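This report refers to the structure that appears directly beneath it.
Number of protein chains: 2
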Amino acid sequence: MDSILAQWRRERPDIDPSPMAVCGEIWRAGERLRQEVLANLVQYSLDFAGFDVLLTLRRQGKGETLSPSALAKDMMLSTSAMTNRLDRLEKRGLVLRASDPLDRRGLKIALTEEGFSLANEIVGSHVRTEENMISALTEIERDQLRSLLAKIR
Amino acid sequence: MDSILAQWRRERPDIDPSPMAVCGEIWRAGERLRQEVLANLVQYSLDFAGFDVLLTLRRQGKGETLSPSALAKDMMLSTSAMTNRLDRLEKRGLVLRASDPLDRRGLKIALTEEGFSLANEIVGSHVRTEENMISALTEIERDQLRSLLAKIR
DNA sequence: AATAATTATTTCGATATCAAATTACTTTAT
DNA sequence: ATAAAGTAATTTGATATCGAAATAATTATT
């Protein structure tokens, strides 16, 4: 990173590249986080796609359901991408599509028993992974970091 | 975010979800950064793919070249993805493929005049965008943020 | 000098995404 | 009631990615 900044200082001495250092650090911390979280998921033969859906459903509570479009909106995804994700999860027996009794256009997505218990297992290891990522930070530093990041943009 | 944490506290009182708050903030700051940077690029009909290549070449200096595999390595991409990116940039007349005089297997990728001046323009607006994202932070806070993020993982 | 191993790039096959089009149904307005 | 507009989910078409295989050229080994 320092060498990249040095290159820019040489090539464009008229530009102060220091924002690149800060933003680059945000960017790369996000990437590292992403890597570790993903590494945890592949142990369960899951990717972010399935993970998002499973945990979103799980945190609604046992037996609660969401429509495909609500899921898509919740995770800022197109509904067609959601169709695709649900296809895969349904094929694996982790979720099921039930027709909405109140609206024959709609579906209600629910976790199966297997999906529920997998989600339960994953949320535990996921939080352990995250705790591990930030274990070098004290409680105060964690709050500092959060409040600094909240000021971005 | 707070409501998501509340859901987890209700569903899994045995788990402390506070790491989610910190990691979620890192995640979302990265997303916001991504959004803004991308919004700047689309003004030039570019995406991250082309942006990465153009700026990587530009910061090597005027007339300098890199091989497709060096570019791929630099941005942690498969060489096949790089072939694709270069195809698009070459079609737009922003880069050109010259054969490596020292190795007939190899290519040297160079910016065209148009690519060079576009890269020059973009690096300016890119840094302005980034400066804007972090404009709420003092110089000291920027350093704090960098050092806190460096401790992640 | 011949052969094997390595390296550079591209092509191919598979997958995930989005946007637009489609089908089916519901709600609103006339 | 009927038509129009809106909404839910899927299908289709296009694109970007990766990994593996193919092609071509170089370097190392015997």
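Chains A and B, in that order, are what the protein sequence lines are. The first sequence begins at -18 in the working numbering and counts up by one. The second sequence begins at -18 in the working numbering and counts up by one. Where is the CB? At the ideal position from N, CA and C, for every residue including glycine. Predicted model only: the values in this text are computed from it and were never measured.
What would DSSP say about S48 (chain B), mapped onto helix, strand or coil? coil
Which runs of the alpha helix (DSSP H) at least 4 residues long sit entirely within the stretch 70 to 129 of chain A? Give them in chain order. 94 to 114
F32 (chain B) burial status per 10 Å Cβ neighbour count (16 or more: buried): buried
Find the residues of chain B that neighbour V34 (chain A), judging by a C-beta separation of less than 7 Å, and give them in chain order. Ordered by position in chain B, no residue passes the 7 Å Cβ test against V34 (chain A), which lies about 15 Å from the chain.
Since I7 (chain A) contacts L130 (chain B) with CB under 8 Å, what's their CB separation in whole angstroms? 6 Å
Of all the options A:S128, A:V18, A:A(-13), A:D(-5), which has the alpha carbon lying nearest to the alpha carbon of R109 (chain B)? A:D(-5)
If contact means a Cβ-Cβ distance below 9 Å, which residues of the stretch -8 to 3 of chain A contact chain B? E(-8), R(-7), D(-5), I(-4), D(-3), P(-2), S(-1), P0, M1, A2, V3
Figure out for me which residue from B:L88, B:R(-7), B:P82, B:G74 has the closest Cα to the Cα of L52 (chain B). B:L88
Pairwise C-alpha distance: R15 (chain B) and R13 (chain A): 15 Å
Using a Cβ cut-off of 7 Å, pull out every chain A residue sitting near I7 (chain B), in sequence order please. A10, G11, L14, L130
Listed from N- to C-terminal order along the chain, which residues in the stretch 97 to 111 of chain B have their beta-carbon within a distance smaller than 9 Å of any beta-carbon of chain A? N101, V104, G105, H107, V108, R109, T110, E111
Minimum C-alpha distance to L118 (chain B) - residue among A:L126, A:E112, A:E122, A:N113: A:L126
Any idea what DSSP makes of R133 (chain B), helix, strand or coil? Checking the sequence shown, residue 133 (chain B) turns out to be Ile, not Arg. Looking at I133 (chain B) - three-state DSSP - the assignment turns out to be coil, as it is neither helix nor strand.
Starting from Q24 (chain B), follow the alpha helix (DSSP H) in both directions and report where the run begins and ends. Counting along the chain, Q24 (chain B) falls outside any alpha helix (DSSP H), and DSSP gives it neither H nor E.
Strictly under 8 Å for the Cβ-Cβ distance: is G42 (chain B) near chain A by that measure? yes
Pairwise C-alpha distance: I121 (chain A) and E(-8) (chain B): 27 Å
For G44 (chain B), which residues in the same chain have their Cβ closer than 8 Å to its Cβ, ignoring the five residues on either side in sequence? A91
Once the 5 residues before and after A30 (chain A) are set aside, which same chain residues still bring their CB inside 7 Å of it? R66
If we ignore side chains and look at the alpha-carbon of each, how far apart do A10 (chain B) and V3 (chain B) end up? 11 Å
Using a Cβ-Cβ cut-off of less than 7 Å, give me the residues of the stretch 112 to 126 of chain A that come near chain B, in sequence order. E112, M114, I115, A117, L118, E122, R123, Q125, L126
Per-residue DSSP class, three states only, for K54 (chain A): helix
Within 10 angstroms of its Cβ, does G96 (chain A) collect 16 or more other Cβ (buried), or is it exposed? buried
Using only CA atoms, which one of A:L22, A:E17, A:D(-3), A:W(-11) lies nearest to I103 (chain A)? A:L22
Express the C-alpha separation of P0 (chain B) and D(-17) (chain B) in angstroms, rounding to a whole number. 12 Å
Rounded to a whole number of angstroms, what is the C-alpha to C-alpha distance between G74 (chain A) and S59 (chain A)? 23 Å
Thinking C-beta only, is I115 (chain B) closer than 8 Å to R123 (chain B)? yes
N101 (chain A) vs R40 (chain A) beta-carbon contact at 8 Å: no
Here's the rule I'm using: 16 or more other beta-carbon atoms within 10 Å means buried, otherwise exposed. How should L83 (chain B) be labelled? exposed
Output the distance between the C-alpha atoms of Y25 (chain A) and P(-2) (chain B), rounded to the nearest integer angstrom. 21 Å
Is there a Cβ from chain A that is less than 8 Å from the Cβ of E95 (chain B)? no
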